[in-house]
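Asks: Below you will find the structure I want to go over with you.
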Amino acid sequence: MNLTQKILKKHLVDGELIKGHEIAIKIDQTLTQDSTGTMAYLELEALGVDKVKTELSVAYVDHNMLQEGFENADDHKYIQTVAAKHGIYFSRPGNGICHQVHLERFGKPGKTLLGSDSHTPTGGGIGMLAIGAGGLDVALAMAGEPYRLVMPEVINVRLTGKLKPWVSSKDIILELLRRLTVKGGVGKIFEYSGDGVATLSVPERATITNMGAELGATTSIFPSDFRTYEFLKAQKREDDFEALLPDDDAEYDGVIEINLDELEPMVALPHSPDNVIKVKDAGKLKVDQVAIGSCTNSSYMDMMKVAAILKGGLIAEGVSLVISPGSRQVLNMLAKNGALSDMISAGARILETACGPCIGMGQAPATNAISLRTFNRNFYGRCGTKSAKVYLVSPEVAAASALAGYLIDPRELGEEIKIEMPNEFLVNDNMIIKPPVNADEFEVVRGPNIKPFPLNTHLSDIEKVVLIKVGDDITTDHIMPSNAKLLPLRSNIPELSKHCFETIDPDFSKRALENGGGIIIGGNNYGQGSSREHAALAPLQLGVKAVIAKSFARIHKANLINSGILPLTFVNDEDYDKIDQGDVLKIEDAVNQVMSKGKIVVDNVTKGYKFEVDLDVTDRNREILIEGGLINYVKKKDKV
């Protein structure tokens with residue numbers, strides 16, 4: 167068996183490990199962050215659960231940090247009190263980014279982790295089967311329900327050789343994105359093996375598994391070996407180690423070979439993580455901003471490499487350099503060993519240990535600016551400035567370019583600066599609040615911005631207008647923008663929904679309300695990107711009944727189903743071309759058509775023709791859609 171199959175088999179609750187078949191697995195750990203967590207905990211409360219039933223659940227605060235009003239602080243207070251009430255660990259604001267902290271302090275090889283953040287697969291760097299999902303799926307996991315998914319293909323990525331000087335693990339995942347594109351991982355788990363694996367530390371592996379989300383993958387995973395033990399021992403958690411390797415005769419659904427000896431520094435050009443070329447081929451592009459950090463590249467080793475490059479230098483005139491260490495542990499260690507001083511002396515502006523610019527929370531570039539970032543996404547408008555161009559690079563490229571003032575291949579710096587993982591990390595968990603013994607005495611505090619999540623109604627026949635028609639690779643950032651202005655509204659769906667599709671069609675929400683809801687038409691890979699269920703909840707709030715697309719990204723499709731919105735795919739892609747915004751589409755006898763498992767007939771009333779669509783979901787999901795979403799389905803199931 168391969169490593170993925172071993173972990174799945176150990177956690178299998180229902181189904182068989184047959185590609186394309188639905189399985190249900192036990193979830194050991196969950197994580198949430200404050201941007202998605204408020205909704206997840208409102209859903210947990212709606213399920214009527216007194217105490218979480220997982221081995222460990224952690225609530226992090228790392229997204230909505232900047233405040234113009236009371237909203238973010240209210241959300242943080244709600245999460246802290248609801249966590250105490252339900253037996254959940256609470257990582258306080260300032261303790262760090264959820265994925266970095268979870269890797270440091272909680273992740274365990276061989277365990278399953280479900281997180282309400284699309285970059286939860288970061289945990290695969292330590293040998294976890296870590297999956298990102300919508301908040302409702304995470305709430306159900308906390309309630310003790312198994313997580314259901316279609317058994318993915320398992321693709322073996324064989325790493326051979328060793329990275330050359332100035333080439334980093336970021337370049338490995340950028341190379342994979344270049345080859346496979348943002349659609350290349352849909353329905354797949356990437357399992358890494360080969361002699362090159364032993365050359366990579368856990369933080370380097372975590373960078374790769376983190377950005378596996380950009381491939382659309384279900385998750386990515388590395389074996390748990392002596393490098394894993396090395397990391398856990400340095401974190402004073404060697405008792406959490408378990409050796410996990412695939413069998414020698416393990417079989418896979420496909421194999422990808424990457425020779426680390428041949429890789430060079432890479433860059434993802436705007437506006438997609440798969441728009442990748444070699445840095446040397448990009449030209450000496452003048453740079454206005456450099457941002458280093460995020461859950462992808464904010465580890466201690468990343469920060470030490472950056473500090474070493476910057477030491478004794480000064481960032482170029484006209485360049486703004488901002489650095490956000492990934493955790494308080496990292497920041498503390500940098501402060502103690504002098505590396506933080508080296509960064510500051512070089513002109514870096516040090517941000518708090520949080521997601522920050524990666525999710526549009528501050529540091530928006532200037533008009534028409536070029537920003538180099540060590541982040542995982544460079545979607546259009548995500549940085550907060552629509553006219554800016556964001557390039558994704560490694561920390562080495564970012565630091566070297568900040569000094570030069572233009573995009574530079576770090577190999578031009580000369581001899582590589584080597585950074586070794588410390589034998590011992592500085593461990594201090596006093597910013598993590600353990601669940602109290604007297605949880606029943608805690609009162610959950612809700613601010614006025616926290617509104618109930620919307621609920622759909624039982625499925626009925628549909629006759630609605632096409633509200634918008636969009637192209638390929640529409641991201642959740644397009645659907646429900648994520649920026650400093652809107653992030654505080656994440657717990658207020660009625661208000662947030664007013665900004666749905668705002669970056670590409672400012673009139674969308676108004677049109678949806680005027681028409682009493684409607685239907686969305688999409689291209690390939692509709693809904694790629696974040697796990698945020700708000701990209702389904704906002705359309706639900708606006709009365710969207712169905713999305714008809716050429717194909718869907720995994721998490722967003724699941725979130726649509728959970729919200730009771732039909733995720734339909736064209737049988738013939740040519741039918742996409744025939745539909746225009748404003749057409750009225752009709753689905754008669756909707757309940758029976760959904761339950762029949764056959765093609766669903768859609769009538770274009772405006773143009774007088776019919777076409778067929780598929781509903782590629784499980785039997786259980788058909789029942790969820792008929793009931794009007796997962797909450798309705800669970801409540802009905804519990805009453806029976």
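For any residue, its number in our numbering is found by taking its place in the sequence shown, counting from 1, and adding 166. Heads up, the beta-carbon is just placed ideally off N, CA and C, and yes, glycines get one too. Predicted model only: the values in this text are computed from it and were never measured.
1) Residues in the same chain with beta-carbon distance under 7 Å from Gly298, minus the five sequence neighbours each way, listed in chain order, please.
2) Return the chain-ordered list of same chain residues with a C-beta closer than 7 Å to the C-beta of Ala570, the five sequence neighbours on each side being excluded.
3) Between which residues of its own chain and Gln552 is the CB-CB distance below 8 Å, once the five residues before and five after are set aside?
4) Would you call the CB atoms of Pro824 and Lys630 closer than 8 Å?
5) What would DSSP say about Val806, mapped onto helix, strand or coil?
6) Looking at the secondary structure, which residues open and close the alpha helix (DSSP H) in which Tyr466 lies?
7) Can the beta-carbon of Ser201 be found closer than 8 Å to that of Leu653?
8) Out of Ile263, Ala532, Met587, Pro523, which one is the CA nearest neighbour of Leu558?
9) Rounded to the nearest angstrom, what separates His644 and Ala701 at their Cα positions?
10) DSSP on Thr735, reduced to helix/strand/coil?
11) Is it right to say Leu302 is buried, meaning 16 or more other beta carbons lie within 10 angstroms of its own, or is it exposed?
12) Please look up how many angstroms separate the CB atoms of Gly351 and Ala383, rounded, as I've assumed it's under 8 Å.
13) What runs of the alpha helix (DSSP H), each 4 residues or longer, lie entirely inside the region 175-259?
14) Leaving out five residues before and five after Leu208 in sequence, what residues of the same chain have Cβ atoms less than 8 Å from its Cβ?
15) Could you tell me the alpha carbon to alpha carbon distance between Asp440 and Asn770, rounded to whole angstroms?
16) Of the choices Cys549, Asp361, Met646, Ile292, whose alpha-carbon is the least far from that of Gly526?
17) What residue from Leu791, Leu411, Asp391, Ile598 has the CA that sits closest to Gly260's CA?
18) Please report the residue range of the alpha helix (DSSP H) in which Asp406 lies.
19) Are the Cβ atoms of Ser663 and Leu708 separated by less than 8 Å?
20) I need the straight-line Cα distance from Asp739 to Ile766, nearest angstrom please.
21) Please check the pair Leu366 and Arg393, which I expect to be a contact at CB under 8 Å, by giving their CB distance rounded to whole angstroms.
22) Do you know offhand how far Asn238's Cα is from Glu396's?
23) So, for Val333: in the same chain, excluding its five sequence neighbours on each side, which residues have a beta-carbon less than 7 Å away from its beta-carbon?
24) Would you list the residues sitting across from Ala715 in a DSSP beta bridge?
25) Tell me whether Ser567 is buried or exposed, calling it buried when 16 or more other Cβ atoms sit within 10 Å of its Cβ.
26) Where does Lys328 sit, in a helix, a strand or coil, going by DSSP?
27) Per the contact definition of three or more C-beta pairs closer than 8 Å, is the region 501-518 in contact with the region 468-485?
28) Rounded to a whole number of angstroms, what is the C-alpha to C-alpha distance between Val806 and Glu789?
29) Could you pull the start and end residues of the beta strand (DSSP E) that Ile536 belongs to?
30) If you follow the beta strand (DSSP E) that Phe777 is part of, which residue opens it and which one closes it?
31) Counting C-beta neighbours from all protein chains within 10 Å, is the total for Ala756 16 or more, i.e. buried, or is it exposed?
32) Can you tell me which of the three DSSP states Phe397 falls into?
33) So if DSSP puts Thr278 in a beta bridge, which residue, or which two residues, is it bridged to?
34) On a CA-only basis, which of Leu315, Ala434, Lys452 is nearest Asn728? Give me that one, please.
35) Which one of Ile191, Ile475, Ala364 has the shortest CA to CA distance from Glu581?
36) Give a yes or no on whether the C-beta atoms belonging to Glu319 and Asp419 are separated by under 8 Å.
Replies: In short:
1) Residue mapping note: residue 298 aligns to position 132 of the sequence shown, counting from 1. The beta carbon of Gly298 lies closer than 7 Å to those of Gly281, Asp283, Ser284, His285, Thr286, Pro287, Ala379, Ser697, Ile721 in the same chain, with the five residues before and after it left out.
2) Taking the first residue of the sequence shown as 1, we reach residue 570 at position 404. Only Ala482 meet the Cβ criterion.
3) Start at 1 with the first residue of the sequence shown, and residue 552 comes out as number 386. Checking the sequence, you will find Lys at residue 552 rather than Gln. The beta carbon of Lys552 sits closer than 8 Å to those of Tyr546, Thr669, all from its chain and outside the five residues before and after it, given in chain order.
4) Because residue 824 is not part of the residues shown, which for the chain are 167 to 806, the question remains open.
5) Translated into positions along the sequence shown, residue 806 becomes position 640. Bear in mind that a pLDDT of 40 at Val806, under 50, signals an unreliable position, so the model cannot answer this.
6) Translated into positions along the sequence shown, residue 466 becomes position 300. Unbroken alpha helix (DSSP H) run through Tyr466: 466-476.
7) On the sequence shown, residue 201 is found 35 positions in, with the first residue counted as 1. On the sequence shown, residue 653 is found 487 positions in, with the first residue counted as 1. Yes; because the gap between Cβ atoms is below 8 Å, this pair is in contact.
8) What you label residue 558 is simply residue 392 of the sequence shown in a count that begins at 1. The candidate whose alpha carbon is nearest that of Leu558 is Pro523.
9) For this step, residue 644 is matched to residue 478 along the sequence shown. For this step, residue 701 is matched to residue 535 along the sequence shown. Their backbone Cα atoms lie some 9 Å apart in a straight line.
10) On the sequence shown, residue 735 is found 569 positions in, with the first residue counted as 1. Collapsing the DSSP output to three states places Thr735 in a strand.
11) Working through the sequence shown from its first residue, we reach residue 302 at position 136. So Leu302 counts as buried.
12) Translated into the one-based positions of the sequence shown, residue 351 becomes position 185. Translated into the one-based positions of the sequence shown, residue 383 becomes position 217. Going by Cβ atoms, the distance from Gly351 to Ala383 rounds to 3 Å, so yes, they are a contact pair.
13) With a minimum length of 4 residues, the continuous alpha helix (DSSP H) runs that stay inside the region 175-259 are 200-212, 237-252.
14) Within the sequence shown, residue 208 is the residue found at index 42, counting from 1. Counting only residues of its own chain and dropping the five nearest sequence neighbours on each side, Leu208 has a CB closer than 8 Å to the CB of Ile616, Pro618, Phe619, Ser657.
15) Numbered from its first residue, the sequence shown carries residue 440 at position 274. Numbered from its first residue, the sequence shown carries residue 770 at position 604. Cα to Cα, Asp440 sits roughly 36 Å from Asn770.
16) Residue mapping note: residue 526 aligns to position 360 of the sequence shown, counting from 1. With distances taken between Cα atoms, Gly526 lies closest to Cys549.
17) Taking the first residue of the sequence shown as 1, we reach residue 260 at position 94. Distance check between Gly260 and each of Leu791, Leu411, Asp391, Ile598 places Ile598 closest, using alpha-carbon atoms only.
18) Here residue 406 refers to the residue found at position 240 of the sequence shown. Run containing Asp406: none; DSSP gives neither H nor E here.
19) Along the sequence shown, read from residue 1 onward, the residue named residue 663 stands at position 497. Along the sequence shown, read from residue 1 onward, the residue named residue 708 stands at position 542. Yes, the pair counts as a contact, with Cβ atoms nearer than the cut-off.
20) Residue numbering aside, residue 739 sits at position 573 when the sequence shown is read from its first letter. Residue numbering aside, residue 766 sits at position 600 when the sequence shown is read from its first letter. Between the alpha carbons of Asp739 and Ile766 lies a distance of about 15 Å.
21) In the sequence shown, residue 366 corresponds to position 200, counting from 1. In the sequence shown, residue 393 corresponds to position 227, counting from 1. Indeed, because the Cβ distance is near 7 Å, the residues count as touching under 8 Å.
22) Taking the sequence shown and counting its residues from 1, the one referred to as residue 238 is at position 72. Taking the sequence shown and counting its residues from 1, the one referred to as residue 396 is at position 230. Cα to Cα, Asn238 sits roughly 38 Å from Glu396.
23) Looking up residue 333 in the sequence shown gives position 167. The answer, listed in chain order, is Leu429, Glu430, Pro431.
24) On the sequence shown, position 549 is the one that residue 715 refers to. Ala715 is bridged to Thr735.
25) As a position in the sequence shown, residue 567 is number 401, starting the count at 1. Buried is the label assigned to Ser567, since at least 16 other Cβ atoms lie within 10 Å of its Cβ.
26) For this step, residue 328 is matched to residue 162 along the sequence shown. Taken through DSSP and simplified to helix, strand or coil, Lys328 comes out as coil.
27) Enough Cβ pairs lie closer than 8 Å, so yes.
28) Taking the first residue of the sequence shown as position 1, residue 806 is located at position 640. Taking the first residue of the sequence shown as position 1, residue 789 is located at position 623. Unreliable positioning characterises Val806 in this predicted model, as indicated by a pLDDT of 40, which lies under 50. A coordinate reading is not provided.
29) Here residue 536 is taken as the residue at index 370 of the sequence shown, counted from 1. Per DSSP, Ile536 is one residue of the beta strand (DSSP E) stretching across 536-539.
30) Mapped onto the sequence shown, residue 777 falls at position 611. 775-780 is the extent of the beta strand (DSSP E) around Phe777.
31) Counted from its first residue, the sequence shown places residue 756 at position 590. Buried is the call here.
32) Here residue 397 refers to the residue found at position 231 when the sequence shown is read from its first residue. DSSP, reduced to helix, strand and coil, places Phe397 within a helical segment of the structure shown.
33) The residue labelled residue 278 in the question sits at position 112 within the sequence shown. Residue pairing by DSSP puts Thr278 in a beta bridge opposite Leu295.
34) Along the sequence shown, one-based indexing puts residue 728 at 562. Checking every option, the nearest Cα to that of Asn728 belongs to Leu315.
35) Locating residue 581 in the sequence shown gives position 415, where the first residue counts as 1. The shortest CA-to-CA distance from Glu581 to any of Ile191, Ile475, Ala364 is the one to Ile475.
36) Numbered from its first residue, the sequence shown carries residue 319 at position 153. Numbered from its first residue, the sequence shown carries residue 419 at position 253. Less than 8 Å separates the beta-carbon of Glu319 from that of Asp419.
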